[in-house]
Every structure is written in C-alpha cells, then in structure tokens.
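2 protein chains.
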Amino acid sequence: MVKKVSLKDIALKIGVSTALVSYVLSGNEEKGRVGKETAEKIRQVAKELNYQPNHIAKSLKTGKTNTIGLIVADISNPFFASIARAVEDESGKYGLTTIIGSSDESTEKLKNLVEVFIKRQVDGFIISPPDHSEEIIEYIISLGIPICLIDRHFDHVNSSYVVTDNKESMQNAVSHLLGMGYKNLAFIAYNSTLQHMKDREQGFLDATSEIYSQVYKINFSKQHDELASTIEVILNEQKADAIVFATNTLSVAGLKYLTQHEVKIPQDLNVMCFDFSEVYDFFYHPIIHVKQPIEQLAKESVTILFNQMKEEHLQQLVLNSELITKTRVMV
Amino acid sequence: MVKKVSLKDIALKIGVSTALVSYVLSGNEEKGRVGKETAEKIRQVAKELNYQPNHIAKSLKTGKTNTIGLIVADISNPFFASIARAVEDESGKYGLTTIIGSSDESTEKLKNLVEVFIKRQVDGFIISPPDHSEEIIEYIISLGIPICLIDRHFDHVNSSYVVTDNKESMQNAVSHLLGMGYKNLAFIAYNSTLQHMKDREQGFLDATSEIYSQVYKINFSKQHDELASTIEVILNEQKADAIVFATNTLSVAGLKYLTQHEVKIPQDLNVMCFDFSEVYDFFYHPIIHVKQPIEQLAKESVTILFNQMKEEHLQQLVLNSELITKTRVMV
DNA sequence: ACAATTAGCTTAATCGATTAAAGCATATTT
DNA sequence: AAATATGCTTTAATCGATTAAGCTAATTGT
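Protein chains in written order, with this note's numbering: chain Z, 1 to 331; chain X, 332 to 662.
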C-alpha cells in the first residue's frame, strides 16, 4: 500500500507551513490571507502529487464525518430498497456517504443500529421507524443529532419528516373504487400504531362511510397465517366485492393467496393496493394501486436532513401520490 | 450535543495517564503490564462514565477504519438486495461496518464508487463486478486493498471470489428439462464477457449437445426491446418447447412477456429460470429454477475478506446451488 | 515622518487514541 | 554492596488536518 500524500508533504516540497496549504486547499484563502502566487503553487503541487485529503483526520478535528445513517424498516421490501438507492444517490451529491441498515420492523434491532451508527459518529439519520420506536427517535433528538423520518412519523414527536399523503390518497383511491360500483369493501392493514397506518385506515373509513365495509388488522409477525384466515373470512363471510390492501407486502401476499385459490381479479373480486409491485404486471387486468413518490420522498429527506445539519430548523413535508388505474405497459 | 467521554476524562478522574487507560480498555494489559487494582478501577470508571471509544481517532492512529465497501451490480435486483443485507449482517458480527453502493452494471459508476470508498479508506471491498471492469479490480488489488469478488469473477484476474457453480448447475438443470422430454430448447442470456454468464451458457451447451437448441444474447442496455423480439423469434420461428433464462431479471421479464401474450406455462411452452423470484409464486404450475445459495455467498465473502484483511492469502470458493422443481408453498 | 494597518506567513495547540521508550521504585541475584 | 530484574506507571511522539493567535515586513494614513 503506497504511502498517501499529506498536507505535510506538499508543505515540505514547497517550503511553506502546513497551515497555508490547509487554508488554500480547503478553500479558505481569504481567511488565511494567502498570497496569490503561493496559493497557485500549492494548488499546482497538490495536483501534481495527487493529494487526497484524509477524511478521518478531518473528521477527528471537525467532529463531522460527512456520513449519514439510513435505517429502513425492511430492506428486502422493494419499496425500501428503492428508497435506499435514491437516498444513497442523492446524499452523494451533497458529498455525504450513506451507511444503510434495516431494522426489520424490530425496535430492538433499530436500537442496536442506532448505537452502532452513533459510535460511527454519523452526522445525521434518515429513519423509517418501526412500531413503538418513539423513544429511540426521541433519544436521537435529545442527543442533538439531526434526523429526518421517512415514510412514517409520529404525530406527537417533534421531528422533521417526509411522508406520503396517506389519508388523502387512500380516501381518493377508495372513492374511485366506489365510483366503479363496489359496495362491500374489506380493508386489510397491519396492526400498528404508526401514523401512516392509522392515516390509511382513516382514509378508508372516510371514503366508506356510506357503504358497508370491514376493517381487518394483521399482526406483522404472524402475517402468513393471519392473512390467509382473514381473506377466508372476507370471501366466505363478509362476501366483499373488493379488498383494499394497506401496504405493498400485504398486497403481494394477498394477490398470491387469491391467485393460488383461483379467485379471479377483478371478476370474482377486485383489489386496490397501496404502493407499487412488480407482480401487478402478471395480472391480465390492471391492478388499481396508489403509487407513492418514492424518489421524491428519498430526495427530499436528504435535502431536509442536509439543511437541518447546517441550520437548525425542522421541516415536515407531505407529498402527493398518484392513483394508477389502467397503465399497463407491454414488455 | 453532550460532550463525549474520552480516555483523558477517565485518566483524569482516576489520576493515571491516558496510556494506562488505553492499555486496559483495548485489552493490552499484559503489554502495558498494568497493576491489577488499577486495571479494575479503570474498567469500573469506564463503565461508570459510559465510555465509548472514538472510532475516528482510533482509525487515524491505526490506519484501519473497520469499514468495508460493498458494490453490487444492481441493488434494485432482489438477488443483490439479499446479498447486501446478508453481507451487512455478517460483517456486523466481525465488528465491521458496511457501506453499500450499486454500480448499476456501469464501469464508470463502479470507478466512481471505488474512488469514493477508497477516499473513505475502507479496509476492503466486496464487489460483484460489471462487464469489462477488470482494470478497476486490478487497480484495487495493485493498491494492496483486500478484495473479494462475489457472484462473478474474472478467470484471468487473481483475486479471491465466491461464486455459484454456474456451469454445473445449469447443465444439471437443463438435463432435468431433457429428462422431462423437451427436445427443442432456447437459451436467453445477456451479451456479456463475464465468466458467470459464459459458464451458464457452457452449461447449457454441454447439456444440449444431443438435441436441437438455440442460444440468444440480449444487450443489457436494450433488453426491453431485444427480449421481446427474441421471444417472438423463439415462439414463431424456432418453435422451441422450452426457454431457459440465464438470470432472474431475464426470467421475470420473460415470464411477464409470456403471461401478457397468454402463452401458457408449461402447456404451450415451459421455462427454466436461473435464480429465484417472488413472481414464480403467481404461476399455477411450479416454475423450475436454480436456487442460488445467496446467504452463503454473502457470508463466505465476508469471511474470506476478513481473513484476507489479517493474513494475506487469497481464497476461491465455488458453492453448489439447488434445483427447485416442485416446491410450492401455499400462502 | 511616525504610528497604524494590512498582507503574508508561521507557530503551536487541538481532536482522541495508540504505543515505543523511559522512569522509578522494590525485589532478587551475584 | 553492586548489579540486575521485575512491576507499575508516565512521557511524549504520532496519525493528518484545522485554526486561533502571533510575528514580520511592507503599505497606508495623517
């Protein structure tokens, strides 16, 4: 491993102090009041020697690592994978490096990741928090570490966040179903106290006040069994004419169940899904779904966090999503 | 932001030098020959003050960041997302932090990521290299930075790697198709010089030497159009009775096309896919596919890299994959 | 012409941990 | 009694960059 070039090497070669070199290369010429020729020479030699500043030394001195920690709720979920990718791309534009973790919807895991990341001295967090993780979020805030929640937030925690307009888009989407003539709706969501889940439910309820409908809650940890039995009930007892799924994981699992039990969509039963999935393309009829602005969520979260890292002020952002009713692109 | 506790604080509180504290807390008591009581006291005070060592200072001094860089070929591909997750989990066990990047199959992007990661002074790399990226890999090796390739490797580059037994498992899988009575096979792969792609093709060729078969190559950048036209040819001209897809992205895109054109699987045409996809569950008949040992690939890559980071020796590993012919779990 | 500025540069402390080398008792050997 | 060894601890340099404060000589103001 070749010895790296340091400020000292440049200083030595020219015969000036490291201070001058530092002033010039970190763009603080005015502050150091460096002579024009000297500055030019320093820049030239730096280029010659292919000088690369040592991030670590810089971090030690400044206390800033230019690293942010992203903790998504479940990285195996394409929704979050896309978020992760976009956050990474966007943060790179700001000169930030992202380290990613997945809490797998577990508070315990989130806690560990937060600890590891804090030890790594990340400058800020972007987190999509699992259920009942308020305390951890508040802990981060209490340490004065900038944080921006994404996709989910807590109503009673004063933090920055970027989320989708869950209630409105759900209400809008369900209204669209009603407009199509469906009169007996089932809503399947996770049993969760998270605001985005409550909002989606409220959106459903607001839209269905005039018709018959049922709300079913699945426990995340036992979703496999519970989803199956829930759909059984919906098909055989409630005899709903359409199911509304509150998340993409529920949508995919639900569609899988329906397909495997040869329930024809939309003839036997229609569905409405929240968030996109690749599997929708495998149905002959378009799957009605709410498409969240994933890229935008990610980008905005980085911007908000970045601003918060320099200035102090928090920011809350609610983005609109889009109802997809027919698009179907042939491969 | 509360001031963090440093070695100095502990030393000051007890009235010893920071050297002693360092010896004790970094587990080098013998080396520093620290008195038993003093050591005990140091440990106790460290716990009291909730001392957390400063990674950055440590890195600056030791030149080790305990960070590895993982660069996958395409993070939006569930195969690589799983790899990323498993690598992250596994590296955590070794006390390593992972920073992840996606080259999106672009040599240029890989180059940038490698530069960024080297600036960040990662201790090692795990990379699934895109086509024609030998030079970048060799560059990393020339810098003396430990690296382990994953999923793909270059025959003529002497590096550590972990890959699947692509040729054998493809040959085996195709033989199974032949055993089922298929006699006119089409093989769809990416146009690539990467070893794993060549191996899969060779496996196909070895298995089909006695029957009629055709090999089709798709350009990654224009796969949408080319795949469609290729399948057209296979259906209308070659009139194959089964298609073998070389990767999961090709499989999913191919299945999508077939579904949308109402080609019934396996009645009209059967398929054999390389690697798993969630969409297989949406077919009534099981989709025959080769299941790669993703977790194991990831784990082994970390282990190999870790070993390489302490000792010097390279390691090449070829893992067996599994042919899935019927499994179908009801949701 | 003499004080006050200012331009240009250096000194040296600092961030927090590591570690070779040296210091100083006390104990043991010769 | 001198020499050596042993046990415990401190000193101080180091990693590489940042930055307040200080210094000198040239320039400006009155």
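Using N, Cα and C, we set each Cβ at its ideal position, and we do this for glycine too.
{"Query": "Relative to the ligand FMN, is the shortest distance from any of its heavy atoms to the C-beta of residue 457 of chain X smaller than 6 Å?", "Result": "Looking at this structure, you won't find the ligand FMN or any other ligand, since it has none at all."}
{"Query": "So, does the CB of residue 662 of chain X fall closer than 7 Å to a CB anywhere in chain Z?", "Result": "Model confidence at residue 662 of chain X stands at a pLDDT of 41, short of 50, so the residue's coordinates are unreliable; what they give is reported in the following sentence. Answer yes: the Cβ-Cβ gap between residue 662 of chain X and chain Z drops below 7 Å somewhere."}
{"Query": "Using a cut-off of 7 Å between C-beta atoms, extract the partners of residue 364 of chain X located in chain Z.", "Result": "Going along chain Z, no residue has its Cβ under 7 Å from residue 364 of chain X, so there is no contact; the nearest lies around 29 Å."}
{"Query": "Contact criterion: CB-CB distance below 7 Å. Does residue 282 of chain Z meet it with respect to chain X?", "Result": "yes"}
{"Query": "Compare the C-beta of residue 346 of chain X against all C-beta atoms of chain Z and say whether one is closer than 7 Å.", "Result": "no"}
{"Query": "How is residue 311 of chain Z classed by DSSP in three states: helix, strand or coil?", "Result": "coil"}
{"Query": "Please return the same chain residues whose Cβ sits closer than 7 Å to the Cβ of residue 587 of chain X, not counting the five positions on each side in sequence.", "Result": "none"}
{"Query": "Using 8 Å as the Cβ pair cut-off and three pairs as the minimum, do the stretch 347-358 of chain X and the stretch 390-400 of chain X touch?", "Result": "no"}
{"Query": "Name the DSSP beta bridge partners of residue 289 of chain Z, please?", "Result": "Z:273 and Z:324"}
{"Query": "My understanding is that residue 188 of chain Z touches residue 246 of chain Z, with C-beta atoms under 8 Å, so please give their C-beta distance in whole angstroms.", "Result": "6 Å"}
{"Query": "Does residue 594 of chain X come within less than 7 Å of chain Z when only Cβ atoms are used?", "Result": "no"}
{"Query": "So who's on the other strand from residue 544 of chain X, going by DSSP bridges?", "Result": "X:516"}
{"Query": "Going by beta-carbon coordinates alone, are residue 68 of chain Z and residue 84 of chain Z separated by less than 7 Å?", "Result": "no"}
{"Query": "Output the distance between the C-alpha atoms of residue 463 of chain X and residue 29 of chain Z, rounded to the nearest integer angstrom.", "Result": "42 Å"}
{"Query": "Using a Cβ-Cβ distance cut-off of 7 Å, determine whether residue 239 of chain Z contacts chain X.", "Result": "no"}
{"Query": "In the DSSP assignment, find the unbroken beta strand (DSSP E) run with residue 316 of chain Z in it and report its ends.", "Result": "316-319"}
{"Query": "Quick check on residue 578 of chain X - is its C-beta less than 7 Å from some C-beta in chain Z?", "Result": "no"}
{"Query": "Which one of Z:324, Z:270, Z:249 and Z:310 has the shortest CA to CA distance from residue 79 of chain Z?", "Result": "Z:249"}
{"Query": "Whose CA, out of X:422, X:468 and X:514, lies closest to the CA of residue 441 of chain X?", "Result": "X:468"}
{"Query": "Whose C-beta lies closer than 6 Å to the C-beta of residue 538 of chain X among residues of the same chain, with five residues either side of it excluded?", "Result": "502, 505 and 506"}
{"Query": "For residue 313 of chain Z, count the other beta carbons within 10 Å of its own beta carbon; 16 or more makes it buried, fewer makes it exposed. Which is it?", "Result": "exposed"}
{"Query": "Under 8 Å: do the stretch 562-574 of chain X and the stretch 507-514 of chain X share three or more Cβ pairs, one atom per stretch?", "Result": "yes"}
{"Query": "Looking only at its chain, what residues have a beta carbon closer than 7 Å to the beta carbon of residue 404 of chain X, apart from the 5 residues adjacent to it on each side?", "Result": "411, 434, 436, 459 and 461"}
{"Query": "Using CA atoms only, rank isn't needed, just tell me which of X:477, X:652, X:651 and X:546 is closest to residue 636 of chain X.", "Result": "X:477"}
{"Query": "Just checking my contact of residue 97 of chain Z with residue 77 of chain Z at CB under 8 Å: how many whole Å lie between their CB atoms?", "Result": "Contact doesn't hold; Cβ gap of about 23 Å is too wide."}
{"Query": "Indicate the three-state DSSP secondary structure (helix, strand or coil) for residue 133 of chain Z in the structure shown.", "Result": "coil"}
{"Query": "Determine, for residue 71 of chain Z, whether the minimum Cβ-Cβ distance to residues of chain X falls below 7 Å.", "Result": "no"}
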